[in-house]
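Student: Residue numbers (our numbering): 735 to 1038.
One structure coming up, written as structure tokens, with questions to follow.
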């Protein structure tokens, strides 16, 4: 079945819409947009037959690996959380721990030879787990980073959505509670939207757009949240402080100068700032919007 991956994501898209109808929560608009993006990803995959076989394998492998990792993390987090609650630093600690996972995107700035080794090792592991091979992917060494992002983020979308449905509908929590905000207890957590936005961006845009579109907004959001939670005193709008916004803007500028020229960097930082307020006002999860808005903005600016 060469279209297996597309069927997989169509199923997830429909599941999100069903979740919206049944649960009816504050993330409804975000989930509807997510469902549309998932459907677009499923359609796009028809034009990339080499992923139709690899993505289901990756979903299978990542489900096992991630479940074991998160269960282990859950065990060691309990005593740590208990101690930190006694010190009354739980809220800040939760935010720091949650946003610390955003910094995993810095792996993309490693030398390409190391990334290629990690990529080829991952494909080798997948080939050793299943009976059929994905040699067509391993031959794409020229575009391996884009391929790797599609494979990893695409499989992460599947695994995260399944884990979230188990948590919300059946109370089966495979990861530490510290990774879930209070407002996310009955709704889908932000990491699903982050993985989905990276998956979509990786499928649609060229590699030189993908990398800054992932790194800049992801770390901007992390720094804004950490500084806003720990040092924020001046509230601008619900959930946004002046200190957090300044930290996010400076993070965008600093990171942007590593990848882009000065004009593009400033433009992107301003655009992200504007959409940060818009997403807050419309109650759309910024983890879903930021990478996609960044990629679209960079594509328009570079073509102008």
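In this text, a Cβ means the ideal position worked out from N, Cα and C, and glycines have one as well.
1) Using 10 angstroms around the beta-carbon of residue 905, count the other beta-carbons present and answer buried if the total reaches 16, otherwise exposed.
2) Should the stretch 791 to 798 be called in touch with the stretch 884 to 891, which here means at least 3 C-beta pairs below 8 angstroms?
3) Can you give the Cα-Cα distance for residue 836 and residue 925, rounded to whole angstroms?
4) Using a Cβ-Cβ cutoff of less than 6 angstroms, which residues in the same chain neighbour residue 750 once the five nearest sequence positions on both sides are dropped?
5) Can the beta-carbon of residue 975 be found closer than 9 angstroms to that of residue 962?
6) According to DSSP, simplified to helix, strand and coil, what is residue 936?
7) Taking only the alpha-carbon atoms, compute the straight-line gap between residue 774 and residue 918 and give it to the nearest angstrom.
8) Assign residue 822 to one of two classes, buried (16 or more other C-beta atoms within 10 Å of its C-beta) or exposed (fewer than that).
9) Residue 1008 bridges to which residues according to DSSP?
10) Below 8 angstroms, how does it come out for the stretch 937 to 950 and the stretch 876 to 883: are there three or more Cβ pairs, yes or no?
11) So does the stretch 1006 to 1016 actually touch the stretch 923 to 941, counting three or more Cβ pairs closer than 8 angstroms?
12) How is residue 915 classed by DSSP in three states: helix, strand or coil?
13) On the CB-based measure, 16 or more other CB atoms within 10 Å of its CB, does residue 1003 come out buried or exposed?
14) Pull up the distance between the alpha-carbon of residue 853 and that of residue 842, whole angstroms please.
15) Looking at the secondary structure, which residues open and close the alpha helix (DSSP H) in which residue 714 lies?
16) With distances taken Cα to Cα, identify the nearest neighbour of residue 935 among 979, 898, 988 and 1028.
17) Which of the three DSSP states, helix, strand or coil, is assigned to residue 1018?
18) Check whether the Cβ atoms of residue 937 and residue 779 lie closer than 9 angstroms to each other.
19) Terminal residues of the continuous beta strand (DSSP E) containing residue 907?
20) May I have the straight-line CA-CA distance separating residue 791 from residue 737, to the nearest angstrom?
21) Applying the criterion that 16 or more other CB atoms from any shown protein chain within 10 Å of the CB defines a buried residue, is residue 748 buried or exposed?
22) Start and end of the alpha helix (DSSP H) containing residue 767?
23) DSSP puts residue 971 in a beta bridge; with which residues?
24) Whose C-beta lies closer than 6 angstroms to the C-beta of residue 958 among residues of the same chain, with five residues either side of it excluded?
Tutor: Reading from the atomic positions:
1) exposed
2) yes
3) 9 angstroms
4) 765, 768 and 769
5) yes
6) helix
7) 26 angstroms
8) Note that residue 822 scores 43 on pLDDT, short of 50, meaning its location in the model is unreliable and no value can be drawn from it.
9) Per DSSP, none; premise fails for residue 1008.
10) yes
11) no
12) coil
13) buried
14) 12 angstroms
15) For the chain, the structure presents residues 735 to 1038; residue 714 sits outside this window and is missing.
16) 1028
17) coil
18) yes
19) Here residue 907 belongs to no beta strand (DSSP E), and DSSP marks it neither H nor E.
20) 13 angstroms
21) exposed
22) 762 to 779
23) 974
24) 978, 981 and 982
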